[in-house]
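What follows is a single structure, written as structure tokens, with notes after it.
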Amino acid sequence: MIKESKIRKPLILGHKTYGDITKDIVDPIMGETPKQWKIAFTIACIVALYGVGCLFYIIGVGIGSWGLNKTVGWAWDITNFVWWVGIGHAGTLISAVLLLFRQRWRMAINRSAEAMTIFAVIMAAIFPIIHMGRVWQAYWTLPLPNQFGSLWPNFNSALLWDVFAISTYFSVSLVFWYIGLIPDFATIRDKMVKPGWKKFYSILSFGWSGRAKHWTRFEEVSLVLAGIATPLVFSVHSIVSMDFATSIIPGWHTTIFPPYFVAGAVFSGFAMVQTLLLIMRKVMKLEAYINLRHIEYMNIVIIVTGSIVGVAYLTELFVSWYSGVEYESYAFINRFSGPLAWSYWAMMTCNVISPQLFWIKKLRTNLQFTFFMSIIVNIGMWFERFVIIVTSIHRDYLPAAWGEFKATPMDIGLFIGTIGIFFVLFLLFARYFPVLALNELKTILKVSGESYKNDNNKH
Amino acid sequence: MGMNTKYWSSLDELQQTAAAQEAMSTEFAREQSVENFLADDKLKETNTGRRDFLKFMGFSLAAATLAACETPVVKSIPYVVKPEEITPGVANYYASTYYDGNDYGSILVKTREGRPIFIKGNKEFGMDGGAINARINASVLGLYDGARLKGPRKNNSSDIDWNTLDTEVKAALASASSIRILSNTIISPSTKRAIAEFSNKYAGKVKHVQYDTVSYAGLNKANNGVTPSYDFSKAKTIVSIGADFLGTWLLSSAYAAGYMERRKPEGEWMSKHYQFEANMSLTGSNADVRVPIKPSQEGQVVAALYAAVTGSAPISVEGADKAIASAAADLKKSRGASIVVSSSNDVYVQTVVAAINEALGNHGATIDNVTGTNFFQGKDEEVRALVDEMNAGTVDALIIYGTNPAYSYPETDKFIAGLQKVKTSVCFNHFADETSSRCAYSAPDHHYLEAWNDYAPVKGRIDLAQPTISPLYNTRYAQEAFLRWADNNTEYYDYIRQTHNSAYTSAALKTDAQWNMAVHNGTFASTVSEAASTVNATAAVSTISISEALAKATAAKSSEWELSVYQKVTMGIGNQANNALLQETPDPITKTTWDNYFTMSPADMREMGLQTYIGQCDCADVIKVTVNGKSLTLPAFPTPGQKRGTIGVALGYGRGAGNEEIGNAAYQTGKAGVHLMDGDKRQTIGKNAFPFISFVDGTWSFKATDVTIEKTGETYSVATTQMHSTVMGRDSVVKETDLATFLKNKDKKRGEAEFNLIPALAVHEDVNGDGVINAQDKKTVDNFDLWRAHPVEGPGHRWGLAIDLNSCIGCASCITACHIENNVPVVGKDEVLRHRDMHWLRIDRYFSSEFETLEETKEQTGKGTIAAYRHMEDPAENPKTVHMPMMCQHCNHAPCETVCPVAATVHSNEGLNNMAYNRCIGTRYCANNCPYKVRRFNWFNYVTNDKFSMVNPAQDDTLRMVLNPDVTVRTRGVMEKCSMCQQRIQEGKLEAKKAGLPVADGAIQTACSEACPVGCIVFGDLNDINSLVNKKSQSVRAYHALEETGVKPNVYYMTKVRNIEPAEA
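Going down the list, the sequences are from chains X and D.
In case it helps, numbering that gives the first Met the number 0 puts the first sequence at residues 0 to 458.
In case it helps, numbering that gives the first Met the number 0 puts the second sequence at residues 0 to 1064.
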């Protein structure tokens, strides 16, 4: 058995046994649906339905129902897309990168972080599809064999790279997440008494029997998938950033975008994980598993990535001045002093200044403050994308073509709607799926569990 | 054949059944008759059960329903007898003439399969080189307007037939003791003859009064009853006091061409143009020296010029002395080769102007005031006398032809009141408009594209108009009405022939080669004396003495606020208010659409606390302006260059205030695309400013003093297509220089002149060979390339445009031409407000900032970078202006092409950036990545979406006939943009191929290059070294917009050269 240093704080608090872990996770699934869940789910459904309504309206009437115009061809659509993709970053980072780095604290949070990733990527995928003028031809972006004289997509286009990047990321994340779920589904199946549900979980668990051979394969597959997923964590947002970086527009055409976008994505992803987990640990009474140590670690990641993002913002400003290109320099002057400067300063406040407060230990271990900050960071990251996209194109090369942008109810409705759909999915997950990787947690119980650790230390 | 094999054909035959035996006995199978079949008893035993019945019913119903679900087949019916001259798919052109009392143009009408769809200038034979303007170009839409009167009407309520109308009108005329004809200036000899015949029939009772919507009576009177003609191509110095002679004044479209001939810096000499005016006009925006003055100062400026030219005691004019002195000096240097014009309708001011021209020897040289033109013969006091007569109830019958006084007469109420007292009134207007709907009889005339006519614009010239389509509705020539009422049953066509050939009989139709040639050319030299201006006697300046004129001209008192009314280049006098295309064409100066407004100096507006930034969310403040007890509430619009303390307002708006049927596009639509309502009436577009015109000293005056302004506290959205006015010191967008600098660099190669250097980047290599690598080691941008070059030079075509910023006057003809040619949707005010106008070609209008560059601004104002940029956003108080036509630049390294995920926009091997609508999925990435922002997205299905039913011609059943069948009407969700008129290139290439010759330079014209009255846009093959466009592209003035981006456009711009001293630059 691995011995953990006694000065390390335990990851599982209290006196938990293997059985306790199973009970803590499985009981809520088997029990009655709590009232709070029903209320939350109803609200989420209403918001989601509103979003779906907007979606159909937009498809039915046209992109003109958004506030876009001849100068600003992308605004909320691509902002939301990048925002959701960014959020979808944390899950795979936690499960893959942290797995490779043997960070055991990930085990308490990886399941829901991955679920969040999957759902966020689904939300993200809505936007590039719906933003097309002719949605029904969306499949033309895929390199499918065809009879249009064998017409292929344009492999030079960053938008096409996006199609591949997002779909690859989504499928790998989904498989990774599901593989991890299999042993836990099996546990639920074994505990479940209601026959219908038992059948349900038995199908989901793919006949897992818990044999040593299964476990060996499980571990191997996890490792392989982690190996595949790790580069994806960096590639997805790098490629998304290339939509902008490979263009000619001042403010978009920036070589630091790939690392800056990845850092930003991790930043927003962790913030979203914080938002969700802080609620979940309270409601589902998982304080023993997701404790202050996890929260603090995640806050540290937020400080680091937030600082990277901050440095990137300053670098952009510096380069725009240093380059001597008048368009470039005006683009950035316009960002912080032009008609949309409020969005720039909202971004700076939320993303650069506020995360620095986490240097204070008291604040980063304060749950209410962490929750508040997680929301702030996500608002800031939304503005970051808005600033990059809209303030850059609304005043580019020809002053005669400079424009403005005003969001319409459809812009806002669809965005709120995706938040609704996201929560519908996440609530279903929280109700019917094991929210913690219980079998994985059991592997560290004897090493990092508070009571065991103390017991061990007695010897 | 020893074999005894028997072959059988069926089992029945083998077995020799009864049926087989019977069948074999007859040679042919017997058909069973219906009777036999029905008589078969077995049939009675078969039963169709209820279920079977329902099944059959269900099947039939389903089958019928499915059959009905088929997409409707739009049938195209072939000709039974194909007209010889019509080949489907090939356009025919017919020479004709446009005249509406205000604009005149020799035109070629393009027809496709019998439908007129496009109007261009008749450059070969037309008057003044067939120069036309946006209003004439767009007038083709008026033909198809579904709101036109479909036939004669009585009391604007009951439809009657022509015979009834004729009988009733003739009865009324017979009993009338005074008959009045009110028309615009008639320049058609045949029409004049018809009216004369009518007058003879009712001899002693008839009086014909000519009424010009916008009066030039002052000019006419001051020149002894002659409306002079001007030759701007001979003028070395041009001084205009308020006259917008490039946009709307007199025969502006013709003047523009002559003017531009002498604005080319490469020419022998370049004219110098001074403009003194209150409103920033199109002409003022093109002037070398523009001096803002108050309307009340016009007379003083003219008097001061007179004094300076003749050397009498100098007169001082506040704020204009320096400019007057230099203008006078230039005028004196170019005696006999200069022009002084004024827009004033004051006969005294015009008398002084004529005296200046006389003193300079311009009469007979640049100005013809002896024969002059036949336009604008209206006498203001006669019209007023007629209105008084009407109000006195002494007019029994009034015939109104070609004019709409119930809208445009300055004292509208008086006219309408008078009209009601007239016993019998007849109106020939096309619509049941303000006048026609108030007349007893509406007798709609043919549209000009449906009719024959002849015009005598100047002495010795007859222009012909010919029908290009048979009349769409039950309309009739107004001239035939005059003839019928005079008991003459001649057809108007024969009547025209008789006018010009008294020996004519209708049998001569086919054989008269001379006439056929005249119809083909649209014109012929006239020998008929009446073509000459009849009134005129000897060459003389006005009978008014110069001292009296000077005294009266300088008498005008200035006041704190003054107002002048003007015509917008797009709307003119408002006779085409129902033309959605013109409504959506932005005004060249303010770039606004679908409204009129009070133009004000931004400085004044800031002082009054009015909104000076107008955008989607920033509405204009509405102000109430009162003149002589008449007031108008309209939004105030900031217009740099407007003289402080003055207000301008455009005529031609506020049509249909009485909810008349004048066309859907004449009324304002809102967010949902339905008409906005004012109570139970549809809301007009803008408001009628004609009542601001007042009667002073025997003429209508277009200016007013003692104006009061009140803020109303209300706001109003004004839709503009360009929100930002200054170029922000970006010298690679527009380049300009002064004439002296240009002449110094004239013989250099492109990119070497100091005013037009190709941008260079510092590189890490010792370029200049001084042994040190530093910022001075630069290479020009054409050395850098990220992409594999498209094969742009060498064999084959490479289509390109050369656009001369020096020539572009900003008149918007190219915008309307492009719009019609390419079926560009009209989207309405709300969409323009959302910055979604669809213009493939726009004209960017830049006003200069107070200081040109960022450095200069920082230095002069002592501000930091951010504040300095803010400062540059505001135009100077009297800015210099540049008009820059901007369309797809067809970049050889197009940024749009690389980013399209589905390769919907690709480069052709002829240098064009093609757009495959069918492939486009509408990601808009291309539009975002376009540095010129020229791509336009189909935000809605403009052809079916209800929001556009009132404005988009493609949604109207008849109006859609104007669509060009050669160009796809784009669907929702695809990107579109300038194609360099691909369809025309293709047509031109095919023509050349059929002829077995290379494509001749100039044989292919894009819609914009064809419509340009001043030759600013030149289209051609850049690979053809002898082509004009190639030569222009090599010129020292040629540059690419945003050259440093390295996109390598196929559109070249030519540096603007101003005829000013370097110090003024």
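Quick reminder that beta carbons are idealized off the backbone N, C-alpha and C, glycines included.
It should be emphasised that the depicted structure is a prediction, and the values quoted were computed from it without experimental measurement.
- Annotation: Val732/D to Ala801/D spans about 15 Å, alpha carbon to alpha carbon.
- In the three-state scheme derived from DSSP, where H, G and I count as helix and E and B as strand, Ser174/D is classed as helix.
- No residue range can be given for Arg147/D, since it is assigned to no beta strand (DSSP E) and is classified by DSSP as neither H nor E.
- Secondary structure at Tyr229/D: strand, using DSSP grouped into helix, strand and coil.
- Closer than 8 Å to the CB of Ile248/X there is at least one CB belonging to chain D.
- Between the segment 1033–1041 of chain D and the segment 1051–1060 of chain D, the count of Cβ pairs shorter than 8 Å is three or higher; the stretches touch.
- Shown in chain order are the members of the segment 897–926 of chain D whose Cβ falls below 8 Å from a Cβ of chain X: Thr897, Val898, Cys899, Pro900, Val901, Ala902, Arg918, Cys919, Ile920, Gly921, Thr922, Arg923, Tyr924 and Ala926.
- Listed in chain order, the positions of the segment 606–622 of chain D with a beta carbon within less than 7 Å of a beta carbon of chain X are Gly614, Gln615 and Cys616.
- Look at Arg841/D here: in three-state DSSP terms it is strand.
- For Ile545/D, there is no enclosing beta strand (DSSP E); the residue is found in the alpha helix (DSSP H) stretching over Ile545 to Ala552.
- In the DSSP assignment, His213/X falls within the unbroken alpha helix (DSSP H) covering Ala211 to Ala244.
- Close partners of Ser336/X in chain D (Cβ separation under 7 Å): Ile865.
- In terms of Cα proximity to Asn101/D, the closest of Ala63/D, Gly401/D and Lys54/D is Gly401/D.
- In this chain, Val973/D is not harboured by any beta strand (DSSP E), its DSSP state being neither H nor E.
- Sequence-distant partners of Gln566/D (beyond 5 residues in either direction) whose C-beta falls short of 8 Å from its own C-beta, in its chain, are Val213, Asp243, Gly246, Thr247, Ile572, Ala649, Leu650 and Gly651.
- With a cutoff of 8 Å on beta-carbon distance, Ala450/D and Leu148/D are scored as not near each other.
- Distance from the CA atom of Asn403/D to the CA atom of Asn687/D, rounded to whole angstroms, is 13 Å.
- Bounds of the alpha helix (DSSP H) holding His818/D are Ser812 to Glu820.
- Excluding the 5 residues flanking it on each side, Gln35/X has no same chain C-beta neighbour closer than 6 Å.
- Per DSSP, reduced to three states, the secondary structure at Asn333/X is helical.
- Between the C-alpha atoms of Thr645/D and Ile622/D there is a straight-line separation of about 14 Å.
- Close to Gly402/X, with beta-carbon spacing below 9 Å, are these residues of chain D in chain order: Gly614, Gln615, Met722, His723, His834 and Lys932.
- Every candidate alpha helix (DSSP H) stretch fails here, since none sits fully inside the segment 424–464 of chain D while reaching 4 residues.
- At least one C-beta of chain D is nearer than 8 Å to the C-beta of Val60/X.
- Val303/X and Phe266/X have their C-alpha atoms roughly 8 Å apart.
- Lys169/D and Asn285/D have their alpha carbons spaced roughly 53 Å apart.
- Only residues of its own chain outside the window of five on either side were considered, and among them Thr190, Ala193 and Tyr491 have a CB closer than 6 Å to the CB of Gln478/D, listed in chain order.
- Taking a contact to require three or more Cβ pairs closer than 8 Å, the segment 323–343 of chain X and the segment 410–426 of chain X do not qualify as touching.
- Taking a Cβ-Cβ threshold of 8 Å, the residues of chain X close to Val973/D are Gly132 and Arg133, in chain order.
- In this structure, DSSP gives Pro9/X a state outside helix and strand, which the three-state scheme calls coil.
- In terms of Cβ geometry, Arg105/X and Leu99/X do not form a close pair [threshold 8 Å].
- By the C-beta density criterion, Lys212/X is exposed, having fewer than 16 other C-beta atoms within 10 angstroms.
- About 18 Å separates the beta carbon of Asp387/D from that of Asp696/D, a gap too long to meet the 8 Å contact definition.
- When DSSP assignments are scanned along the segment 265–324 of chain X, the uninterrupted stretches of alpha helix (DSSP H) that are 4 or more residues long and fall wholly within it turn out to be 291–322.
- Neighbourhood of Met949/D in chain X, by CB distance below 9 Å: empty, with the nearest CB roughly 16 Å away.
- One thing to note: Leu581/D has its Cβ no nearer than 8 Å to the Cβ of Met599/D.
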